[in-house]
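Going by numbering that gives the first Met the number 0, 384 is the number at position 385 of the sequence shown; the sequence numbering is gapless.
Heads up, the beta-carbon is just placed ideally off N, CA and C, and yes, glycines get one too.
All remarks here apply to the structure that follows.
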Amino acid sequence: MEVFFTFLKLGMISFGGPIAHIGYFRAEFVGRRGWLSDSQFGQLLAICQFLPGPASSQLGFCIGLLRAGWLGALSAFLAFTLPSALLLIAFAAALPMLSGPMGAAAIHGLKLVACAVVADAVLGMSKTLCPDTPRKTIAFFALAALLSMSSAIVQLIVVVLAALAGVLFLGNISIPGNETKIQISLGPRVGGILLLLFAALLIGLPIFSSPSPTLESVAGVFYRAGALVFGGGHVVLPLLQDSVVATGWMTPDQFLAGYGGAQAIPGPMFAFSAYLGSVLSQGNATWLMAATALIFMFLPGFLLVTGVLPLWRAVSHNPAAGRAIAGVNAAVVGLLGAALYNPIFLSGITVSSDLAIAVVAFGLLAIGRLTPIAVVAWCVVACIARLWF
0 MEVFFTFLKL
10 GMISFGGPIA
20 HIGYFRAEFV
30 GRRGWLSDSQ
40 FGQLLAICQF
50 LPGPASSQLG
60 FCIGLLRAGW
70 LGALSAFLAF
80 TLPSALLLIA
90 FAAALPMLSG
100 PMGAAAIHGL
110 KLVACAVVAD
120 AVLGMSKTLC
130 PDTPRKTIAF
140 FALAALLSMS
150 SAIVQLIVVV
160 LAALAGVLFL
170 GNISIPGNET
180 KIQISLGPRV
190 GGILLLLFAA
200 LLIGLPIFSS
210 PSPTLESVAG
220 VFYRAGALVF
230 GGGHVVLPLL
240 QDSVVATGWM
250 TPDQFLAGYG
260 GAQAIPGPMF
270 AFSAYLGSVL
280 SQGNATWLMA
290 ATALIFMFLP
300 GFLLVTGVLP
310 LWRAVSHNPA
320 AGRAIAGVNA
330 AVVGLLGAAL
340 YNPIFLSGIT
350 VSSDLAIAVV
360 AFGLLAIGRL
370 TPIAVVAWCV
380 VACIARLWF
C-alpha cells in the first residue's frame with residue numbers, strides 16, 4: 000500500500016513530461032524516502048533510457064519492483080497511470096458533446112497544442128540526440144524516408160537500419176552505466192523468459208489483425224507501438240497515427256484532439272492510449288477497450304525492462320549496443336519531424352491565424368518554458384476568441 004499511495008500522489012501532480020517525472024521520482028525516492036541511492040537510481044534510469052518504451056513509467060515500475068516485488072511493480076504502474084487514464088477516458092466521453100462552434104474551436108485549439116508541443120520536442124531532442132554530423136545524417140535520411148512513404152513497416156525498417164548505421168559509423172559511443180549493484184531477485188533465467196514473451200507477443204499478436212478495431216487487433220496495434228517507441232512519449236504519435244488514423248479507425252480530428260488534451264494532464268504520455276481505446280470502442284464495452292489499449296501499450300516496455308535487469312551488467316559493457324541505440328535515437332528525431340509535418344501540421348494549420356497561434360504556443364514552451372497547461376489554455380482560448388473577431 001505504501002508503494003501504491005506514493006505513486007498515486009505522483010500520478011496526480013507529475014506534470015511536464017518524462018524528464019520532469021524523473022525529477023519528481025528522484026526527489027521522492029532518493030531524497031525524501033531513501034528507497035534508492037543516487038547511483039542505483041542513475042543505473043535504473045540508464046536502463047530505461049536504453050530500451051524502447053515509456054522511460055518514466057518503466058523507471059517507476061522498476062522502483063516498485065525493487066521495493067516490494069511484483070506486487071509493488073504493478074501498484075506503481077496502476078497508481079501512477081490511473082489519474083491520467085481516467086481523465087482521458089472522461090475527455091473521450093465528452094468529445095461528442097463538443098459539437099457547437101465553441102466546442103469545435105476548443106477541439107481545434109487542442110490540435111494547435113499538438114503542433115507546438117511536438118515542434119518543441121523535435122527541437123529539444125535534436126540537440127541531445129543529434130550532437131554530431133553522423134547522427135544528424137541519420138536523422139535526415141530517416142526524415143526523408145518517412146516523408147516519402149510513411150507506414151508502420153517503413154518506420155520499423157528505418158529503426159533497424161539506424162541501429163545498423165550506428166554500429167558501423169558512430170565510433171566508440173558507450174552506454175551509460177555504473178558499477179553499483181542493483182539488488183533484484185530476478186535471475187537471468189526469468190529475464191530470458193520475459194524477453195522471449197516480449198518477442199512472442201510482438202510476432203504473434205499481428206495474427207489477430209482486423210480491418211475493424213476488435214479487442215485482439217487493438218491489443219496488437221498498441222503492443223507494437225509500445226514495443227517500437229524510442230525517445231519518449233511524443234514519438235509514439237506517428238506509430239499510432241498510422242495504426243488508428245490511416246486505417247480509418249478514427250478521424251485525424253479525434254486523434255489530434257486527444258493528443259492535445261493529453262498535454263493538460265499529469266502522468267505518463269502513454270496514457271493517451273486509454274483515450275484512443277475509448278474512442279475506438281464507439282460506445283461498446285468502452286472500459287474494456289480502453290483498458291486493453293492501455294495495458295498493451297505499457298506491457299512491452301515492462302517486459303523488456305524486467306527482462307534486461309538481470310542481464311544489464313553484461314549488456315552495459317558492450318560498445319556496439321551503445322552505438323546501435325545512439326543510431327536509433329537519431330532516427331527518432333527524423334521520425335518525429337515527419338510526424339510534425341504529417342499529420343500534425345497538415346491537419347492543424349488551416350489558416351494563417353492558426354499558424355500565428357501555434358507559433359506563440361511554441362514560444363511559450365521553448366522560450367518562456369511555461370507548462371503545457373498554459374499552452375493548452377492559450378490555444379483553446381485563442382481559438383474560441385477568434386469566433387468574435
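| Looking at the unbroken alpha helix (DSSP H) that takes in valine 57, where does it start and where does it end? | As a working mapping, residue 57 is identified with position 58 in the sequence shown. Per the sequence shown, residue 57 should be read as glutamine rather than valine. Here the alpha helix (DSSP H) through glutamine 57 covers 54–93.
| task | Determine the DSSP secondary structure at asparagine 283, reduced to helix, strand or coil. | result | Counting from 1 along the sequence shown, the entry for residue 283 is found at position 284. Coil, per DSSP.
| query | Skipping 5 residues on each side, what residues in its chain have a beta carbon closer than 8 Å to that of tryptophan 34? | reply | As a first step, residue 34 must be located in the sequence shown, where it is residue number 35. Leaving aside the five residues that flank tryptophan 34 on each side, the residues in its chain whose CB is nearer than 8 Å to its CB run, in chain order, Phe28, Ile62, Leu65, Arg66.
| Skipping 5 residues on each side, what residues in its chain have a beta carbon closer than 8 Å to that of valine 244? | To locate residue 244, count along the sequence shown from 1; it is residue 245. Once the five neighbours on either side are set aside, the close Cβ partners of valine 244 are Thr250, Pro251, Phe254, Pro342.
| said: Can you look up phenylalanine 28 in the DSSP assignment and give me helix, strand or coil? | reply: Working through the sequence shown from its first residue, we reach residue 28 at position 29. Helix at phenylalanine 28.
| message | Beta-carbon within less than 6 Å of glycine 190's beta-carbon, same chain only, minus the 5 sequence neighbours each way: which residues are those? | response | Numbered from its first residue, the sequence shown carries residue 190 at position 191. Contacts found: Gly306, Pro309, Leu310.
| message | Please state whether the Cβ-Cβ distance between serine 280 and methionine 288 is less than 7 Å. | response | Here residue 280 refers to the residue found at position 281 of the sequence shown. Here residue 288 refers to the residue found at position 289 of the sequence shown. In this structure, methionine 288 lies closer than 7 Å to serine 280 by Cβ.
| message | Please state whether the Cβ-Cβ distance between valine 217 and threonine 132 is less than 7 Å. | response | Translated into positions along the sequence shown, residue 217 becomes position 218. Translated into positions along the sequence shown, residue 132 becomes position 133. In this structure, threonine 132 does not lie closer than 7 Å to valine 217 by Cβ.
| task | Write down every uninterrupted run of the beta strand (DSSP E) in the stretch 293–376 whose length is 3 residues or greater and which is fully enclosed by it, in chain order. | result | Secondary structure within the stretch 293–376: not one fully enclosed beta strand (DSSP E) run of 3 or more consecutive residues is present.
| query | Hey, how far is the Cα of alanine 89 from the Cα of glycine 219? | reply | For the purposes of this step, residue 89 is taken as the residue at position 90 of the sequence shown. For the purposes of this step, residue 219 is taken as the residue at position 220 of the sequence shown. Spanning the two alpha carbons is a distance of roughly 24 Å.
| message | My output table needs one value for aspartate 131: the three-state DSSP class, helix, strand or coil. | response | For the purposes of this step, residue 131 is identified with residue 132 of the sequence shown, where counting begins at 1. Looking at aspartate 131 - three-state DSSP - the assignment turns out to be coil, as it is neither helix nor strand.
| Near leucine 169, what residues of its chain come up, given a Cβ to Cβ distance below 8 Å and the 5 sequence neighbours on each side ignored? | For this step, residue 169 is matched to residue 170 along the sequence shown. Within the same chain, leucine 169 has close Cβ partners Pro133, Arg134, Arg322, Ala325, Gly326.
| field | CA-to-CA distance, leucine 160 to asparagine 328, given in whole angstroms | value | As a working note, residue 328 is residue 329 in the sequence shown. As a working note, residue 160 is residue 161 in the sequence shown. Whole-angstrom Cα-Cα distance: 12 Å.
| Delimiting residues of the alpha helix (DSSP H) encompassing leucine 9 | Mapped onto the sequence shown, residue 9 falls at position 10. Its alpha helix (DSSP H) spans residues 1–12.
| query | Helix, strand or coil: which one does DSSP assign to threonine 136? | reply | Here residue 136 refers to the residue found at position 137 when the sequence shown is read from its first residue. Correct three-state label for threonine 136: helix.
| Under a Cβ-count criterion, where at least 16 other Cβ atoms within 10 Å of its own Cβ denotes burial, should lysine 126 be classed as buried or exposed? | In the sequence shown, counting from the first residue as 1, residue 126 sits at position 127. With fewer than 16 Cβ atoms within 10 Å of its Cβ, lysine 126 is classed as exposed.
| Going straight from the alpha carbon of leucine 363 to that of valine 374, what length do you get? | Within the sequence shown, the letter at position 364 stands for residue 363. Within the sequence shown, the letter at position 375 stands for residue 374. Cα to Cα, the separation comes out at about 7 Å.
| message | Going by DSSP in three states, threonine 291 sits in which element: helix, strand or coil? | response | As a position in the sequence shown, residue 291 is number 292, starting the count at 1. Here threonine 291 sits in helix by DSSP.
| task | Pull up the distance between the alpha-carbon of alanine 199 and that of serine 242, whole angstroms please. | result | Sequence index remark: in the sequence shown, residue 199 carries index 200 (1-based). Sequence index remark: in the sequence shown, residue 242 carries index 243 (1-based). Going by C-alpha positions, alanine 199 is about 20 Å away from serine 242.
| said: Alpha carbons only, please: which of Pro205, Phe49, Ser83 is nearest the one belonging to methionine 11? | reply: Locating residue 11 in the sequence shown gives position 12, where the first residue counts as 1. Among Pro205, Phe49, Ser83, the Cα nearest to that of methionine 11 is on Ser83.
| query | Between threonine 179 and glycine 266, what straight-line distance do the alpha-carbon atoms span, to the nearest angstrom? | reply | Working through the sequence shown from its first residue, we reach residue 179 at position 180. Working through the sequence shown from its first residue, we reach residue 266 at position 267. With a pLDDT of only 49 at threonine 179, under the threshold of 50, the placement of this residue in the model should not be trusted; the figure read from the coordinates follows. Threonine 179 and glycine 266: Cα-Cα distance of roughly 29 Å.
| said: What residue range does the alpha helix (DSSP H) around valine 235 cover? | reply: Counted from its first residue, the sequence shown places residue 235 at position 236. Here the alpha helix (DSSP H) through valine 235 covers 235–239.
| field | Cβ-based burial, tryptophan 69 [other Cβ within 10 Å; buried from 16] | value | Reading the sequence shown from its first residue, position 70 is the one you call residue 69. Its Cβ having fewer than 16 others within 10 Å, tryptophan 69 is exposed.
| task | Identify, in the order they occur along the chain, each residue of the same chain with its Cβ nearer than 6 Å to the Cβ of valine 379, setting aside the five sequence neighbours on each side. | result | Taking the sequence shown and counting its residues from 1, the one referred to as residue 379 is at position 380. Cβ neighbours of valine 379 beyond the five flanking positions: Ala105, Gly108.
| query | glycine 259 and valine 112 look like a contact to me (Cβ under 8 Å); what is the Cβ gap, rounded to whole Å? | reply | The residue given as residue 259 occupies position 260 in the sequence shown. The residue given as residue 112 occupies position 113 in the sequence shown. About 4 Å separates the two Cβ atoms, so the contact holds.
| request: Select from Ala120, Leu386, Val235, Ala164 the residue whose C-alpha is nearest the C-alpha of glycine 300. | output: Indexing the sequence shown from 1 puts residue 300 at position 301. Closest option to glycine 300, Cα to Cα, is Val235.
| Cutoff 7 Å; reference leucine 44; Cβ partners in own chain excluding five residues on either side | Here residue 44 refers to the residue found at position 45 when the sequence shown is read from its first residue. Hits under 7 Å: Ile21, Leu58.
| said: If contacts are defined as beta-carbon pairs under 8 Å, then valine 153 and alanine 319 qualify, I think. What distance do you get, rounded to the angstrom? | reply: If you number the sequence shown from 1, residue 153 lands on position 154. If you number the sequence shown from 1, residue 319 lands on position 320. Contact doesn't hold; Cβ gap of about 25 Å is too wide.
| Out of Ala263, Leu345, Thr136, which has the shortest C-alpha to C-alpha gap to alanine 330? | The sequence position of residue 330 within the sequence shown is 331, counting from 1. Among Ala263, Leu345, Thr136, the Cα nearest to that of alanine 330 is on Thr136.
| Between which two residues does the alpha helix (DSSP H) harbouring glycine 259 extend? | Taking the first residue of the sequence shown as position 1, residue 259 is located at position 260. Here the alpha helix (DSSP H) through glycine 259 covers 251–261.
| Can glycine 333 and leucine 142 be called in contact, C-beta distance under 7 Å? | If you number the sequence shown from 1, residue 333 lands on position 334. If you number the sequence shown from 1, residue 142 lands on position 143. Contact: yes.
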